[in-house]
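Shown next, in structure tokens, is the structure this report addresses.
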Amino acid sequence: MANLSWIAIIVAAAAGFVVGGIWYGPLFGKLWMKEHGFTEEELKQGNFALIYGTTFLLSIVSAVFLGHLLAHFGEMSARSTMMISVGVALGFVVPAIGTNYLFSRASGRLFAIDAGYWLLFYAAMGAVFVILG
């Protein structure tokens, strides 16, 4: 892991985190809550320091592993970096959550919201790795 840029990893994790804030906030927050059956009052009862802190740590884990995968390939074009980054989401993350959603009988809308988020999450991280290496 010596070839990893820790600045790029932290910025990539932050980019994915920001995507989540926008995606699950103004863009799809109300629909996501409806599909889960949550009310705003129920969500306000959560431990936000724990939820957001752990979410950011998990974003760092994702960024470390994506960064490690990209570093393994050495110098690549921006297109290749983005293809691999989005490919991780399309090939691993989306099918995994899709399987879980099928068995839990979650709605197709909820799947589309969450799958779309993960695609953008990895695209945002890929873009950071293109820019910062």
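Count along the sequence shown from 1, add 5, and you get the number used in my numbering. Even glycine gets a Cβ: it sits at the ideal position worked out from N, Cα and C.
Per DSSP, G79 lies in no alpha helix (DSSP H) segment and is marked neither H nor E.
Just measuring C-alpha positions, the residue of K49, V91, I56 sitting nearest G72 is V91. Setting aside the 5 residues that flank it on each side, A20 is surrounded in the same chain by A129, M130, A132, V133, each with a C-beta closer than 8 Å to its C-beta; the list follows chain order. M38 and E80 have their alpha carbons spaced roughly 42 Å apart.
Taking the CA atoms as reference points, G121 sits about 25 Å from G138. Approximately 18 Å separates the beta-carbon atoms of A68 and A101; this is outside 8 Å, ruling out the contact. Here T44 carries a coil assignment [DSSP, helix/strand/coil].
In this structure R110 is not in contact with L36, their Cβ atoms being roughly 18 Å apart against a cut-off of 8 Å. Per DSSP, reduced to three states, the secondary structure at A111 is coil, with no helix or strand assignment. The C-alpha of H41 is placed about 20 Å away from the C-alpha of V98.
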